[in-house]
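A.B. asks:
Numbering (this note's numbering), first residue to last: 986 to 1249.
1. According to DSSP, residue 1219 sits in a beta bridge with which residue or residues?
2. Between which residues of its own chain and residue 1228 is the CB-CB distance below 8 Å, once the five residues before and five after are set aside?
3. Helix, strand or coil: how does DSSP classify residue 1192 here?
4. Note down the Cα distance separating residue 1179 from residue 1207, rounded to an integer number of angstroms.
5. How far does the beta strand (DSSP E) with residue 1178 in it reach, from first residue to last?
6. Starting from residue 1167, follow its DSSP beta bridges and name the residues at the other end.
7. Need the endpoints of the alpha helix (DSSP H) that residue 1149 sits in, please.
8. Take residue 1196 and list the residues in its own chain whose beta-carbon comes closer than 7 Å to its own, dropping the five residues that flank it on each side.
9. Please return the same chain residues whose Cβ sits closer than 7 Å to the Cβ of residue 1211, not counting the five positions on each side in sequence.
10. Rounding to the nearest angstrom, what Cα-Cα distance links residue 1184 and residue 1141 in this structure?
11. Between the alpha carbons of residue 1242 and residue 1248, how many angstroms are there, rounded?
12. Ordered along the chain, which non-local residues of its own chain (more than five positions away) have a Cβ less than 6 Å from that of residue 1163?
13. Can you give me the C-alpha to C-alpha distance between residue 1086 and residue 1092, rounded to a whole angstrom?
14. Using only CA atoms, which one of 1225, 1223, 1173 and 1224 lies nearest to residue 1202?
15. Taking only three categories from DSSP, how would you classify residue 1248?
16. So residue 1176 packs on residue 1145, CB below 8 Å; how close in whole Å?
17. Rounded to a whole number of angstroms, what is the C-alpha to C-alpha distance between residue 1070 and residue 1057?
18. How close, in whole Å, do the beta carbons of residue 1217 and residue 1232 come, if the pair is a contact with beta carbons under 8 Å?
19. Helix or strand or just coil, what does DSSP make of residue 1123?
20. In chain order, what residues of the same chain have a beta carbon less than 8 Å from the beta carbon of residue 1236, not counting five sequence neighbours either side?
Quick look at the structure:
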């Protein structure tokens, strides 16, 4: 008989002992089950601790990242502040530049006003000089025109020589060229030069504006023949006052250079 069989037989013969054994075994299994539960709890807690450790490590990394971001943000704000300060300086410099430009423009305006006044003064001076020179030329032309009759020279010849010399001295024509009589397109020209293109009408006395109209007709034919505008000059030794006035009016309108030696 085995040990287990003997144990069973003894328990059957002594129910009280069997009851106690059952109670003991129940207590043992209960303690064993509780121990297993505790172990499981400990294992779970251990896992939770490990997980929490990982979580805290991750949180620590997050805080480090946040710290790094804040430091970067601080740098960015410092850079923005520096940029704004630089922009402020730039705008201040631009403002100075515009002020300088304004001052320059004001100075330029003053300069142009000064130039305008100088030009006005110069034009007045030139008109005075031209008037004096024209009067002097007219007087000289009249006097020498009268004297030329005694020197065996016609008034036309004298005027051609006088104008040639005057234009050479003024650099208006080359020194190797001179005004000469010519026939262009069937028209007799008292004094003519091809280059530069000049046409001159010469008369001892003007009784009417006919002489300047005659000059304009000849100038038109020369313009058609040469394809460019000629310089037009009318020389009158003497003219009546009203005729001289009309000649000047037409001369200004038609861009004709007019010299009247003497107004009667």
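Where a beta carbon is used, it is the ideal one built from N, C-alpha and C, also for glycine.
C.D. replies: So, from the listed chains and residues:
1. 1186 and 1243
2. 1191, 1192, 1193 and 1194
3. coil
4. 10 Å
5. 1172 to 1178
6. 1174
7. 1140 to 1154
8. 1186, 1188, 1219 and 1221
9. 1182
10. 13 Å
11. 17 Å
12. 1149
13. 10 Å
14. 1173
15. strand
16. 5 Å
17. 20 Å
18. Wrong, their Cβ atoms sit about 13 Å apart, outside the cutoff.
19. Any reading at residue 1123 must be qualified, since the residue scores a pLDDT of 49, below 50, and its modelled position is unreliable; the value itself is stated next. Three-state result, residue 1123: helix.
20. 1197, 1219, 1242 and 1243
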